[in-house]
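A short write-up of the structure that comes next.
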Amino acid sequence: MKNLALPATISIFSIIIIYLALDIETSPPMIVGDSMQPRAFPIFLMVLNLVLAALLMWQGFGEEPKKRAPLNKTTIGSLVLFPLFYVLTTYIDILIGLAVVLFLMSFFWGERRIWVAAAVGLITPAALFFLFNYVLSIRFPRGMITNIFYG
Amino acid sequence: MIDAIAAMSSVLLDPYLLFLILVTTVVGVVVGVLPGLGATTGAALLLPFTLTMPPVHAITVLSTIYVSATFAGSITAILINTPGTSAAAATTFDGYPLAQRGEAGRALGVAVVSSTVGGVFSIIVLCFAAPLLALVAYEFRPPEYFALTLFGLSMLATISAGGAIRNLIGGVFGVWLATIGAEKTTGIERFMFGNYDLYEGIGFVPVFIGLFAMSELLVQSKSAQRVANAFGLKAVKLPTKEDYKRIWRTVLRSCGIGTFIGVLPAEGATVASMIGYAEARRWSKKKEEFGKGSIEGIAGAEAANNAATGGAMVPTMVLGIPGSGTTAVILVGLMVHGLRPGPYLFTEQVDTVYQIFGAMLLANFAFMFLGLYAAKVFARISLVPLPILWPIVFALSTIGAYALNSAMMDVWIVLVFGVVGFVARRFGFAVAPIAVGLILGEMVERNLQNSLKMYEGDWWMIPAQPLAAVFLVLAVLGLLAPLISARISKWRGRNS
Chain A
0 MKNLALPATI SIFSIIIIYL ALDIETSPPM IVGDSMQPRA FPIFLMVLNL
50 VLAALLMWQG FGEEPKKRAP LNKTTIGSLV LFPLFYVLTT YIDILIGLAV
100 VLFLMSFFWG ERRIWVAAAV GLITPAALFF LFNYVLSIRF PRGMITNIFY
150 G
Chain B
0 MIDAIAAMSS VLLDPYLLFL ILVTTVVGVV VGVLPGLGAT TGAALLLPFT
50 LTMPPVHAIT VLSTIYVSAT FAGSITAILI NTPGTSAAAA TTFDGYPLAQ
100 RGEAGRALGV AVVSSTVGGV FSIIVLCFAA PLLALVAYEF RPPEYFALTL
150 FGLSMLATIS AGGAIRNLIG GVFGVWLATI GAEKTTGIER FMFGNYDLYE
200 GIGFVPVFIG LFAMSELLVQ SKSAQRVANA FGLKAVKLPT KEDYKRIWRT
250 VLRSCGIGTF IGVLPAEGAT VASMIGYAEA RRWSKKKEEF GKGSIEGIAG
300 AEAANNAATG GAMVPTMVLG IPGSGTTAVI LVGLMVHGLR PGPYLFTEQV
350 DTVYQIFGAM LLANFAFMFL GLYAAKVFAR ISLVPLPILW PIVFALSTIG
400 AYALNSAMMD VWIVLVFGVV GFVARRFGFA VAPIAVGLIL GEMVERNLQN
450 SLKMYEGDWW MIPAQPLAAV FLVLAVLGLL APLISARISK WRGRNS
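Keeping their order, the protein sequence lines are chains A and B.
Residues in the first sequence are numbered from 0 upward in steps of one, following numbering that gives the first Met the number 0.
Residues in the second sequence are numbered from 0 upward in steps of one, following numbering that gives the first Met the number 0.
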């Protein structure tokens, strides 16, 4: 039964996209001419995906479902850091976001020497900031710390 | 031809470019020895750093990373039985047993020489084949381009990772991603959900960084507490006369195999090295040594994977169809720097093209030098603790993506596609087909639309064009290739 889960998910995704594509505006014939409407190509792709999902299902019949190891703590921790980075970067500062996330990532990945994890969290964003700002002339987005720097 | 040689030689007169080749070769070797990084991730991470460079310098950086990282995977494959890149997986079969016998220096020497010969051979082929292919490609009109891109997508069925159906689903998903944003002819919005940051479509670079670097970070987190194996190496030894006598046929054969596999759209160094290894075993007089420490095995795999690098640049530069995952990043690099991949590149910017080829040639000699004299140092880099390495990759990925357009949206795309890539890989999908699909998506749709306009909506006129028909037949064969090869293996198994 588990072998059906993946093709079923792909099929549901494809059907949702087809539904959304049906909502795409149609273009006046004088612009499109003999070509396709903008919605036609994505619909065609998703129909193709439905066929491929059916083939995947057919391929999976009679096969033992593959056992996947559950996600370990490090992976889950790393995944949680993504939204944390988004929140810190959006509402405070990208440099603070990076520093916190790099420190925590280093820690989650097994670095138990706090000073090493802290060094990763502090030196890396600082080095990248100076490299991009001075060497590549790329300004960072404004935030709490970058505002102090840029004035 | 003289102009081409002059353009290639001009690289030698540019000290900054020579310096860049040397530095990037070092970076490429470092990227290659670090398990999980590899040429594609390395090129994707370095792309934002090339933004301020002139086009030749920028593409040189990316292509040097490609050739040097492809070679460097063999260093850790031989010394610690961990291929730095997937293209070096076949090198572990015989490289590590040789290292265990105390012959790591000899194994590395064979790998370095074979890789260099493979790389140089493929660049020479590239110099001759690319302009010839460009001459043919001048004749291509939308129907031919449409059929060609379909052929490129169909080849996804034959790449080893993932399996045919999963790769095709990944490719279709990539093509669909290319439809996000305003449709090019009509300006009608598709799948934007009111987000005008997506009006121009999803950027290739953030998607690539997410799919390759960020998803790899999540995959590697499974083995975060891995302790690297120790290794023993005194010095790298150049092959002896006897070694050369044993491997020269294998090296030449693998040069041909690697270059040919590289030229095929979507195929890359990994497939080439596996076939190179298998063919080396098939033609060897000492088959029993394979898997136990055969230098022919190392030569077969290494010459083939580096020969694939030059081969893969042929469709990338001449047709705008990536020959591998890394050339997909190089293709994006060409576009970012205003070079339009396609046959016109060989008339409008011929000097630039040959300077890039010249730089790639030099990169092959640069990694030979580093491989011979500094392999031991580079192998130690693979011992860098993962809790330090991967947070740095996270920072490089996010800031690199931001730097491209100074847009935070690109950073969020990296994070989202990091998760998408991780989930895809967890369920047995390879991420390269998604990347190839994304690149070819716009080309497929645009050429299909233009073909329909040309023939007043008559679909049947597309296969009626002889060259388009050839590509469509090849596309069908590409789709059927896994079935055919399974049948052949079954038949061979029954006969033996």
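C-beta: ideal position from N, C-alpha, C; glycine also.
Computed from a predicted structure; not experimentally measured.
**Q.** Selected residue, minimal CA-CA separation from V135 of chain B, among B:G261, B:L152, B:F345
**A.** B:F345
Q: Could you give the DSSP three-state label for E278 of chain B: helix, strand or coil?
A: E278 of chain B: helix per DSSP, three-state reduction.
Q: Would you mind working out which of A:I17, A:N2, A:Q36, A:T8 sits nearest G186 of chain B, comparing C-alpha positions?
A: A:Q36
Q | Under the three-state DSSP convention, the category R111 of chain A falls into | A | R111 of chain A: coil per DSSP, three-state reduction.
Q) Checking contacts by CB at 8 Å: is I164 of chain B closer than that to chain A? A) Contacts with chain A at 8 Å (Cβ-Cβ) include I164 of chain B.
Q.
Short of 6 Å in beta carbon distance, which residues of its chain neighbour Y137 of chain B, apart from the five on each side in sequence? Order them along the chain.
A. The beta carbon of Y137 of chain B sits closer than 6 Å to the beta carbons of P342 from its chain, once the five residues preceding and following it are set aside; these are given in chain order.
**Q.** Under 8 Å (Cβ pairs) to chain B, residues found in the region 6-24 of chain A
**A.** I9, I16, L19, A20, I23, E24
Q: Please confirm whether F92 of chain B and G296 of chain B have their CB atoms less than 8 Å apart.
A: yes
Q: Would you verify that the beta carbon of E182 of chain B is, or is not, closer than 8 Å to some beta carbon of chain A?
A: yes
Q. Within the chosen definition, does the region 461-475 of chain B reach the region 165-184 of chain B through at least 3 CB pairs nearer than 8 Å?
A. no
Q | Buried or exposed (CB count within 10 angstroms, at least 16 for buried), D409 of chain B | A | buried
Q) Candidates B:L149, B:S396, B:L338, B:A156: which alpha carbon is nearest P481 of chain B's? A) Checking every option, the nearest Cα to that of P481 of chain B belongs to B:A156.
Q: May I ask which residues mark the beginning and end of the alpha helix (DSSP H) holding E444 of chain B?
A: Boundaries of the alpha helix (DSSP H) harbouring E444 of chain B: 431-453, taken from the DSSP string.
Q: Can you give me the start and stop residues for the alpha helix (DSSP H) that E241 of chain B sits inside?
A: 240-262
Q: Return the chain-ordered list of same chain residues with a C-beta closer than 7 Å to the C-beta of G393 of chain B, the five sequence neighbours on each side being excluded.
A: This sequence places Phe at residue 393 of chain B; Gly is not what is there. Answer for F393 of chain B: L216, listed in chain order.
Q) Do we get a CB-CB distance below 8 Å when we pair N48 of chain A with the residues of chain B? A) yes
Q: Determine which residues share a DSSP beta bridge with A181 of chain B and list them.
A: B:E188
Q) Does the Cβ-Cβ distance between V443 of chain B and L45 of chain B come in under 8 Å? A) Contact: no.
(Q) Classify N304 of chain B: buried if its beta carbon has 16 or more other beta carbons within 10 angstroms, exposed otherwise. (A) buried
Q) Can the beta-carbon of A423 of chain B be found less than 8 Å from the beta-carbon of I74 of chain B? A) no
Q: Report, in whole angstroms, the separation of the C-beta atoms of A38 of chain B and T351 of chain B, which I expect to be a contact under 8 Å.
A: Wrong, their Cβ atoms sit about 22 Å apart, outside the cutoff.
Q | T258 of chain B, buried or exposed, once every other Cβ within 10 Å from all chains shown has been counted against 16 | A | buried
Q) Can you tell me whether A42 of chain B is buried or exposed, with buried defined as 16 or more other CB within 10 angstroms of its CB? A) buried
**Q.** Pick from B:G399, B:N449, B:S283 that is closest to I246 of chain B, judged by C-alpha positions
**A.** B:S283
Q) For the putative contact between A302 of chain B and C254 of chain B, defined by C-beta atoms under 8 Å, what is the C-beta separation to the nearest angstrom? A) 5 Å
Q) Buried or exposed: which applies to I16 of chain A, given that a residue is buried once 16 or more other Cβ atoms fall within 10 Å of its Cβ? A) buried
Q | Under 8 Å by beta carbon: chain B residues contacting M29 of chain A | A | Chain B residues near M29 of chain A: none, gap ~11 Å exceeds 8 Å.
Q.
If you follow the alpha helix (DSSP H) that T308 of chain B is in, where does it begin and where does it stop?
A. 294-318
Q) So what's L70 of chain A in DSSP terms, helix, strand or just coil? A) coil
Q) Which residues in the same chain have their Cβ closer than 7 Å to the Cβ of F421 of chain B, if we skip the five residues on either side of it in sequence? A) Taking C-beta separations shorter than 7 Å and ignoring five residues to either side along the sequence, the partners of F421 of chain B in its chain run S214, L217, V218, following chain order.
Q.
At the level of alpha carbons, what is the spacing between L51 of chain A and N2 of chain A?
A. 14 Å
Q. Are three or more beta carbon pairs between the region 276-293 of chain B and the region 331-338 of chain B nearer than 8 Å?
A. no
(Q) My parser needs the beta strand (DSSP E) runs of 3 or more residues fully inside the region 337-382 of chain B; what are they? (A) None, since the region 337-382 of chain B contains no complete beta strand (DSSP E) of that length.
Q: Closer than 7 Å by beta-carbon distance: list the chain A residues that pair up with I398 of chain B, in chain order.
A: L127, F131
Q | 7 Å CB neighbourhood of P141 of chain B in its chain, flanking five on each side removed | A | N446, N449, S450, M453
Q.
Taking 8 Å as the threshold (beta carbon to beta carbon), is P142 of chain B in contact with chain A?
A. no
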